[in-house]
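Note sheet for the following structure.
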Amino acid sequence: DNLTVGTAIVARHWARRLRHDPKGERKGVMMLNWKYDACYRCMLDYCCDDSTGHVVFAELPFPLPSASHALESLESCLRKHAGSIRYAFLDHVPSQPTALL
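The sequence shown lines up with residues 188 to 288 when you count with the working numbering.
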């Protein structure tokens with residue numbers, strides 16, 4: 188199996204939990220703006236509709252100056268969307284092969 192299969196399994200599980208939120212709140216999934224499109228589409232297909240959730244993005248600069256910049260971006264996104272994010276899907280490989288030119 189590959190990354191997309193694993194993502195589908197996780198997304199289906201999360202979607203069930205998002206649909207059955209005890210408080211009935213619409214929660215989201217946080218992803219990085221660097222993403223593998225198949226994983227993003229999987230999250231959209233399973234976790235995002237009127238009754239479940241939505242996707243928000245933590246914006247990471249490219250190239251990433253340091254690990255602390257990544258943590259700051261994640262914290263900023265969590266603060267901005269406080270209370271509306273339930274899961275974080277931190278896929279960091281946008282495609283293969285990848286290269287910095």
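All C-beta atoms in this analysis are idealised placements derived from N, C-alpha and C, irrespective of residue type, glycine included.
Could you give the first and the last residue of the continuous beta strand (DSSP E) run that contains A275?
As a working mapping, residue 275 is identified with position 88 in the sequence shown. Per DSSP, A275 belongs to the beta strand (DSSP E) from I272 to F276.
Check whether the Cβ atoms of N220 and A254 lie closer than 8 angstroms to each other.
What you label residue 220 is simply residue 33 of the sequence shown in a count that begins at 1. What you label residue 254 is simply residue 67 of the sequence shown in a count that begins at 1. Between N220 and A254, the gap from beta carbon to beta carbon reaches 8 angstroms or more.
Which complete beta strand (DSSP E) runs does the stretch 200 to 249 hold, if anything under 3 residues is left out?
The stretch 200 to 249 contains, as complete beta strand (DSSP E) runs of 3+ residues, the segments 215 to 219 and 241 to 245 (chain order).
Which residue from M218, D224 and V192 puts its Cα closest to that of I272?
Indexing the sequence shown from 1 puts residue 272 at position 85. Of the candidates M218, D224 and V192, the one whose C-alpha sits nearest the C-alpha of I272 is M218.
Give the DSSP-derived three-state secondary structure of S255 in the structure shown.
Reading the sequence shown from its first residue, position 68 is the one you call residue 255. S255: helix per DSSP, three-state reduction.
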